[in-house]
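Colleague: After the C-alpha cells below, expect a handful of questions from me.
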Amino acid sequence: VSPQRPKIYLAFLMVGLLLPFSIIYANQLLDNKIHNKVSLEKLINEVPILAELPKMGRNEDMLIRSDDRSVLSESLRILRTNLDYLIKSKNDKKNNIIFVTSSVPGEGKTFISSNLSMIFANTNKKVLLIGGDVRNPKLYTYFAQKDVDKIGSRSRGNVDIGLSEYLHDPKIQSKDIINSMLVHSTTFDVIYSGKIPPNPAELLMGNRMGSLLDEMSEKYDYVIVDTAPIMVVTDTMLITDLADHIVYVTRAGVTETKVLEHPVNLWNQGKLKGLTFVVNDVKESNLGYGGKYGYGYGKSVKKWWKF
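First residue of the sequence shown: 1236, per my numbering; consecutive thereafter.
This is the structure we're talking about:
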C-alpha cells in the first residue's frame, strides 16, 4: 500500500502549527512573574498602583536630570504626581513620611527612592532622603558619582556617620548626620545608613527612630526612607507604623506573583497603611499606552530662550 502523502503532509502541517502555540501556552502556565501594571493589578485587589517604569537605557544616568524628557524620567514624574496627590488628599497632619520597600533585594527600591527625592526637590521643595536599610546600604552607590557634590556636612572628623550611629549613640544629634547634596543642579539632604550594626532590629525598635522622623517631618516637605526588603528581614515591619505612605517596588520579570500575597495580606490586616505599588523595569513592549509611545516623546528639550 503506497503512503497517503497528502494526509502525511497535512499531519505535519498541523503539528507545525500547533507546536508553537502549545509552547506559548505552556510558558504562560509556568510563568510565575509579573510583567507590567496589568499583570500586577490582577493580584493586588484595590491597592493603588502609582506608576510603571520602563527599563533604563544603557546610556541613561542612575540619577535623572531635571531637563530629562525620556520615557523613564516622565514615568518617574508621574509617580511623583500620583504620590503627591495621595499626600495632599489628607489634611489632618503633615502626612509626608514615605517608606520605599520591596520583597527582595534587586527590585529597584533604592533607584526609585533616590530619583523620587530628586524629582520632588526639583519642585523647590525641601526633601530629605534617609538610608533606612542599615543591613545592606546602597545610597553610597548613587551619591558617590562624579556629578554629585556634598555641599554641606556636619559629620565629625570628616568621616560620614549615619542612621545606625545616630540610633546607637544618644550624644549624636540629627544635625550631625545630615548631608546637603548637589546632584545635577538639584539640592536636597541625605542621611546615609552608616556602618552596618550588629543589632539592626534592636536599634530600629528604639525610640530614636520615631523621634528622628517626627523631627524631620516638621523640617522637610518630604521625608523619603529607603528601607529593607520585607521578605528578607523584619527591620521594615518593625517601623511601618511610623510611615504615612509605603511605596512597594516590584520588578517586571523578577517579582514572583506568590510573594505579593504577603504585602496584600498585611495591608488587609492594617499592618501596611498607605500601601501603594510601583512596577519597575518594564519592557517597552509591555508598557501601557502612554509609556509605550513616550510621555515626553523621548527627546531632550532645548532651553526655552534658544530658537
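Even for Gly, the Cβ is constructed at its ideal location relative to N, Cα and C.
1. Looking at the unbroken beta strand (DSSP E) that takes in valine 1458, where does it start and where does it end?
2. Based on the DSSP secondary-structure assignment, which residues constitute the bridge partners of histidine 1480?
3. Counting beta carbon pairs with one atom in the region 1507-1517 and one in the region 1271-1291, are three or more of them shorter than 8 Å?
4. To the nearest angstrom, how far is the alpha carbon of methionine 1416 from that of proline 1255?
5. Please tell me whether, using a cut-off of 7 Å, the distance from the CB of valine 1494 to the nearest non-hydrogen atom of the ligand ZN is below it.
6. Can you give me the start and stop residues for the alpha helix (DSSP H) that isoleucine 1347 sits inside?
7. What span of residues does the alpha helix (DSSP H) with asparagine 1294 cover, start to end?
8. Check whether the region 1267-1278 touches the region 1485-1495, counting contact only when three or more Cβ pairs, one atom from each stretch, lie closer than 8 Å.
9. Quick check on this structure: which residue in Met1249, Ala1246, Arg1300 has the alpha carbon closest to the alpha carbon of valine 1418?
10. Kindly indicate which residue of Thr1462, Pro1433, Ser1274 has the alpha-carbon position closest to the one of histidine 1403.
11. So serine 1337 and tyrosine 1483 are supposed to be a Cβ contact under 8 Å. How far apart are they, rounded?
12. Can you find at least 3 beta carbon pairs, one from the region 1459-1467 and one from the region 1305-1314, that sit closer than 8 Å?
13. Three-state secondary structure (DSSP) at leucine 1252?
14. Rounded C-beta distance between aspartate 1368 and alanine 1463? I'm assuming under 8 Å.
15. Between isoleucine 1365 and leucine 1318, what straight-line distance do the alpha-carbon atoms span, to the nearest angstrom?
Modeller: Judging by the given coordinates:
1. As a first step, residue 1458 must be located in the sequence shown, where it is residue number 223. That run of the beta strand (DSSP E) goes 1457-1461.
2. For the purposes of this step, residue 1480 is taken as the residue at position 245 of the sequence shown. Answer is Ile1333.
3. yes
4. In the sequence shown, the residue the question calls residue 1416 occupies position 181. In the sequence shown, the residue the question calls residue 1255 occupies position 20. The alpha-carbon atoms of methionine 1416 and proline 1255 are separated by roughly 54 Å.
5. Of the ligands one can find in the structure shown there are none, so the ligand ZN has no counterpart to examine.
6. Numbered from 1 along the sequence shown, position 112 holds the residue referred to as residue 1347. Run containing isoleucine 1347: 1344-1356, per the alpha helix (DSSP H) assignment.
7. Start at 1 with the first residue of the sequence shown, and residue 1294 comes out as number 59. First-last for asparagine 1294: undefined, no H or E at that position.
8. yes
9. Your numbering for residue 1418 matches position 183 in the sequence shown. That would be Arg1300, whose Cα lies nearest to the Cα of valine 1418.
10. Position 168 of the sequence shown, counted from the start, is the residue given in the question as residue 1403. Nearest of Thr1462, Pro1433, Ser1274 to histidine 1403, Cα basis: Pro1433.
11. Translated into positions along the sequence shown, residue 1337 becomes position 102. Translated into positions along the sequence shown, residue 1483 becomes position 248. About 7 Å separates the two Cβ atoms, so the contact holds.
12. no
13. Counted from its first residue, the sequence shown places residue 1252 at position 17. Helix.
14. The residue labelled residue 1368 in the question sits at position 133 within the sequence shown. The residue labelled residue 1463 in the question sits at position 228 within the sequence shown. Confirmed, Cβ separation roughly 4 Å.
15. Counted from its first residue, the sequence shown places residue 1365 at position 130. Counted from its first residue, the sequence shown places residue 1318 at position 83. Going from the Cα of isoleucine 1365 to the Cα of leucine 1318 covers about 18 Å.
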